[in-house]
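*Asks:* Which chain is which? The protein sequence lines are A and B, in order. Residue numbers for the first sequence follow numbering that gives the first Met the number 0, beginning at 0 and rising by one. Residue numbers for the second sequence follow numbering that gives the first Met the number 0, beginning at 0 and rising by one. Glycine included, every Cβ here is placed at the ideal spot set by N, Cα and C. Computed from a prediction, not measured in an experiment: that's the story for all the values here. Once you've had a glance at the structure underneath, I'll fire off some questions.
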Amino acid sequence: MNLLDRYLLAVKKYLPWKRQDDILAELKGNLESQLEEKEADLGRTLTSDEMQDWVKHLGPPMVMAGRYQPQQYLIGPTIFPMYWWVMRLALLWCLVIYSVIKAVEIIANSPTGSAVLNGVLGAPWVLLITAAWVTAVFAAIEFATTHSLAKFPADIVGHVDWSPGSLPTAEEAGSGGKRPRSFAHAVTEVVFGFLALIWLLLIPSYPFLLMGPGAAYLRMSPYQLATVWVPFFWCIVALNVVQLGWRLIDLVRGTRQNSRALQHLTVKTIGLAATLILFTAPHREWVLLKHPAIDAARYGAAVNSINHGIYTALLWVVAISVMVWLWQIGQMGVDYYRKRVAAEK
Amino acid sequence: MTLADNLFENLRLELRRGCLTLAVLAQLRREHYGYTLRKALAQHGLEIDESTLYPLLRRLETQGLLVSEWREEDKRNKRFYRLSNDGEMMFVELLHEWRELNKSIQNIL
Chain A
0 MNLLDRYLLA VKKYLPWKRQ DDILAELKGN LESQLEEKEA DLGRTLTSDE
50 MQDWVKHLGP PMVMAGRYQP QQYLIGPTIF PMYWWVMRLA LLWCLVIYSV
100 IKAVEIIANS PTGSAVLNGV LGAPWVLLIT AAWVTAVFAA IEFATTHSLA
150 KFPADIVGHV DWSPGSLPTA EEAGSGGKRP RSFAHAVTEV VFGFLALIWL
200 LLIPSYPFLL MGPGAAYLRM SPYQLATVWV PFFWCIVALN VVQLGWRLID
250 LVRGTRQNSR ALQHLTVKTI GLAATLILFT APHREWVLLK HPAIDAARYG
300 AAVNSINHGI YTALLWVVAI SVMVWLWQIG QMGVDYYRKR VAAEK
Chain B
0 MTLADNLFEN LRLELRRGCL TLAVLAQLRR EHYGYTLRKA LAQHGLEIDE
50 STLYPLLRRL ETQGLLVSEW REEDKRNKRF YRLSNDGEMM FVELLHEWRE
100 LNKSIQNIL
């Protein structure tokens, strides 16, 4: 078996199996003709070294065979921009969600060094699995679009039917896609913000404003709220005051159209702080028995179950709030970086 | 190879890719098998690697632009290619496109 035959045999291994023999027969015919002519020009057969050089110039067998494959790529240029966009978004969110869940899990259980280390070491695997899934989904889309373009939704293939009319205006783009607020909108917000604050301040004296008939039930029931709800309540009041104050300032200064990212962040930070205050409840008890000595036997299990439910709900609220908070900080960071880069240019 | 060389090589390949298809279609107005096609193109100054040309022929045939048949020549079985009817129409359109593009580039230069 000469070197050319060995080369062809190596190429065969990587060829699509259905057309293997046909492609190989053609390639063999072409290369043999070429070799024959080369030798005829020289008037002799090629030496071993010359043969080596000639076969080498044909390129590695895998490359030669690879070009006969019907599809040269996993994800083609048409859907690649969308793939890349989704991949970045998926990885970012995956990291944020994973971090928050792990943090909450570690805090809720026992915050040891090894638990933190395990959490950190687990992150690359989670990201890898996410990336693999995103790639697999887009590879499947690519396969489907290449094999049956007509059957596939045009907007996935490449936003063929997008409408220029749906593009955001400069103001909308500057405010994260939101329409600027009108004067009437801004005034309504201030008025209703003020009314909401009054309503909030009246709740301690008139609990039915919040709980309706439930207030009467709570008064007659063996349960009462723990004192940790008091600072929580005042934190919510502070949040409303800050929001209302900011809206008033914006209205007076004429900057009402778009609320600033810093305002959103401040409001969310106070909201998060308020939720975190609830975690300071001693023994994770948010609802207590009015007369534990008398009612513990009858209502003890129920109150434990209520407190456990509140605890689980709070964990979720904190997890989601932290994610939103981190997302907003990230957005502010990216905006700041872009502005800085633009200023440097 | 420096970064600039690498970039040039990529851009050169990109530039050549479309032209190669046009050249192959043009040359296959007359029947050829792989090796004689390669030689004919080289004689006109267009050198193409075997690993680029032969798979390209297959791809153009799959796309319906070429037709082929196995025939014996010089005691060897060879696959001969020529333009199909669709290929001829496509060639005319692509040639028109290429001439327009060439004219524009000339005007710009």
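Closer than 7 Å between beta carbons: that is the criterion. Which residues of the stretch 72 to 95 of chain B meet it against chain A?
*Replies:* ARG75, ASN76, LYS77 and ARG78
*Asks:* In the structure shown, what three-state DSSP assignment does LEU45 of chain A receive?
*Replies:* To locate residue 45 of chain A, count along the first sequence from 1; it is residue 46. In the structure shown, LEU45 of chain A sits in coil (DSSP, three-state: anything other than H, G, I, E or B).
*Asks:* Please confirm whether LEU7 of chain A has its beta-carbon closer than 8 Å to some beta-carbon of chain B.
*Replies:* Walking along the first sequence from the start, residue 7 of chain A turns up at place 8. Not one chain B Cβ lies under 8 Å of LEU7 of chain A.
*Asks:* Measure the C-alpha to C-alpha separation of TRP324 of chain A and GLU49 of chain B and round it to an integer number of angstroms.
*Replies:* The residue given as residue 324 of chain A occupies position 325 in the first sequence. The residue given as residue 49 of chain B occupies position 50 in the second sequence. Rounded to the nearest angstrom, the two C-alpha atoms are 58 Å apart.
*Asks:* Sort A:PRO123, A:ILE78 and A:PRO110 by Cα distance to VAL136 of chain A and report the nearest one.
*Replies:* Translated into the one-based positions of the first sequence, residue 136 of chain A becomes position 137. Closest by alpha carbon: A:ILE78.
*Asks:* Run through DSSP, which three-state label would VAL266 of chain A get?
*Replies:* Position 267 of the first sequence, counted from the first residue, corresponds to residue 266 of chain A. Here VAL266 of chain A sits in helix by DSSP.
*Asks:* Which ranges does the beta strand (DSSP E) cover as unbroken runs of at least 3 residues, wholly within the stretch 254 to 332 of chain A, from first to last along the chain?
*Replies:* 286 to 288
*Asks:* Note down, in chain order, all residues in the stretch 44 to 77 of chain A with a beta-carbon under 8 Å from any beta-carbon belonging to chain B.
*Replies:* LEU57, GLY58, VAL62, MET63, ARG66, TYR67 and PRO69
*Asks:* How many whole angstroms separate the CB atoms of GLU87 of chain B and PHE79 of chain B, which I take to be in contact at a CB cut-off of 8 Å?
*Replies:* Against the second sequence, residue 87 of chain B aligns to sequence position 88. Against the second sequence, residue 79 of chain B aligns to sequence position 80. Not a contact, Cβ separation roughly 17 Å.
*Asks:* Based on DSSP bridge pairs, tell me the residues matched to TRP69 of chain B.
*Replies:* Within the second sequence, residue 69 of chain B is the residue found at index 70, counting from 1. DSSP lists B:ARG78 as partners of TRP69 of chain B.
*Asks:* Would you mind telling me which residues of chain B sit closer than 7 Å to GLN33 of chain A, beta carbon to beta carbon, in chain order?
*Replies:* Position 34 of the first sequence, counting from 1, holds the residue named residue 33 of chain A. Result: TYR34.
*Asks:* Would you mind sorting MET210 of chain A into buried or exposed? The rule is 16 or more other CB atoms within 10 Å of its CB.
*Replies:* Within the first sequence, numbered from 1, the residue matching residue 210 of chain A stands at position 211. The residue is exposed, with fewer than 16 neighbouring Cβ atoms inside 10 Å.
*Asks:* When the Cα of TRP233 of chain A is compared with those of A:TRP285, A:THR274, A:TYR205 and A:ARG218, which residue comes out closest?
*Replies:* Counting from 1 along the first sequence, the entry for residue 233 of chain A is found at position 234. Looking at the Cα atoms, A:THR274 is the closest of the given residues.
*Asks:* Alpha carbon to alpha carbon, how far is GLY213 of chain A from ILE106 of chain A? Give it in angstroms, no decimals.
*Replies:* Walking along the first sequence from the start, residue 106 of chain A turns up at place 107. Walking along the first sequence from the start, residue 213 of chain A turns up at place 214. Looking at the two C-alpha atoms, the distance is approximately 33 Å.
*Asks:* Which of the three DSSP states, helix, strand or coil, is assigned to TYR216 of chain A?
*Replies:* Counted from its first residue, the first sequence places residue 216 of chain A at position 217. Helix at TYR216 of chain A.
*Asks:* For ASP73 of chain B, is the classification buried or exposed, using 16 other Cβ atoms within 10 angstroms of its Cβ as the cut-off for buried?
*Replies:* The residue you call residue 73 of chain B lines up with position 74 of the second sequence. ASP73 of chain B should be labelled exposed.
*Asks:* In or out: PRO123 of chain A buried (at least 16 other Cβ within 10 Å) or exposed?
*Replies:* Walking along the first sequence from the start, residue 123 of chain A turns up at place 124. So PRO123 of chain A ends up on the exposed side.
*Asks:* Using the beta-carbon of each residue, which ones in chain A are nearer than 9 Å to GLU49 of chain B?
*Replies:* Your numbering for residue 49 of chain B matches position 50 in the second sequence. LEU26, ASN29, LEU30, GLN33, HIS56, LEU57, GLY58 and MET63, listed in chain order.
*Asks:* DSSP three-state label for LEU224 of chain A, please.
*Replies:* Position 225 of the first sequence, counting from 1, holds the residue named residue 224 of chain A. Residue state, collapsed to three classes: strand.
*Asks:* Can you name the residues that DSSP bridges to TYR32 of chain B?
*Replies:* Counting from one through the second sequence, the residue named residue 32 of chain B turns up at place 33. Beta-bridge pairing links TYR32 of chain B to B:PHE79.
*Asks:* How is the alpha helix (DSSP H) around GLY121 of chain A delimited, first residue to last?
*Replies:* Locating residue 121 of chain A in the first sequence gives position 122, where the first residue counts as 1. Counting along the chain, the alpha helix (DSSP H) containing GLY121 of chain A begins and ends at 112 to 146.
*Asks:* First and last residue of the alpha helix (DSSP H) that includes ASP4 of chain A?
*Replies:* Along the first sequence, read from residue 1 onward, the residue named residue 4 of chain A stands at position 5. Per DSSP, the unbroken alpha helix (DSSP H) holding ASP4 of chain A starts and ends at 2 to 13.
*Asks:* Select from B:SER103, B:ASP85 and B:ASN106 the residue whose C-alpha is nearest the C-alpha of ARG28 of chain B.
*Replies:* Here residue 28 of chain B is taken as the residue at index 29 of the second sequence, counted from 1. The candidate whose alpha carbon is nearest that of ARG28 of chain B is B:ASP85.
*Asks:* Using the beta-carbon of each residue, which ones in chain A are nearer than 9 Å to ARG15 of chain B?
*Replies:* Numbered from its first residue, the second sequence carries residue 15 of chain B at position 16. Those do not exist, as ARG15 of chain B stays about 15 Å from chain A at its closest Cβ, beyond 9 Å.
*Asks:* Looking at GLY28 of chain A and ASN76 of chain B, is the spacing between their C-beta atoms short of 8 Å?
*Replies:* Translated into the one-based positions of the second sequence, residue 76 of chain B becomes position 77. Translated into the one-based positions of the first sequence, residue 28 of chain A becomes position 29. Going by C-beta atoms, ASN76 of chain B is nearer than 8 Å to GLY28 of chain A.
*Asks:* Please list, in chain order, the residues of the stretch 1 to 12 of chain B that have any C-beta partner in chain A closer than 7 Å.
*Replies:* none
*Asks:* Using the Cα positions of MET331 of chain A and LYS289 of chain A, report the straight-line distance between them to the nearest angstrom.
*Replies:* Sequence index remark: in the first sequence, residue 331 of chain A carries index 332 (1-based). Sequence index remark: in the first sequence, residue 289 of chain A carries index 290 (1-based). CA-CA distance, MET331 of chain A to LYS289 of chain A, rounds to 47 Å.
*Asks:* Taking the alpha carbon of PRO203 of chain A as the point to measure from, which residue in A:SER162, A:PHE193, A:GLY121 and A:ARG218 has its own alpha carbon closest?
*Replies:* For the purposes of this step, residue 203 of chain A is identified with residue 204 of the first sequence, where counting begins at 1. Residue A:ARG218 is the option with its Cα nearest to PRO203 of chain A.
*Asks:* Given a threshold of 16 other Cβ atoms within 10 Å of its Cβ, counted over all protein chains shown, does GLY17 of chain B qualify as buried or as exposed?
*Replies:* Mapped onto the second sequence, residue 17 of chain B falls at position 18. With fewer than 16 Cβ atoms within 10 Å of its Cβ, GLY17 of chain B is classed as exposed.
*Asks:* According to DSSP, simplified to helix, strand and coil, what is ASP48 of chain B?
*Replies:* Counted from its first residue, the second sequence places residue 48 of chain B at position 49. The answer is coil: DSSP assigns ASP48 of chain B none of H, G, I, E or B.
*Asks:* Drop a sphere of 10 angstroms on the beta-carbon of GLY44 of chain B, count the other beta-carbons inside from all chains shown, and report buried for 16 or more, exposed for fewer.
*Replies:* By 1-based counting over the second sequence, the position of residue 44 of chain B is 45. GLY44 of chain B comes out exposed.
*Asks:* Hey, how far is the Cα of ALA41 of chain B from the Cα of PRO60 of chain A?
*Replies:* For the purposes of this step, residue 41 of chain B is taken as the residue at position 42 of the second sequence. For the purposes of this step, residue 60 of chain A is taken as the residue at position 61 of the first sequence. Looking at the two C-alpha atoms, the distance is approximately 23 Å.
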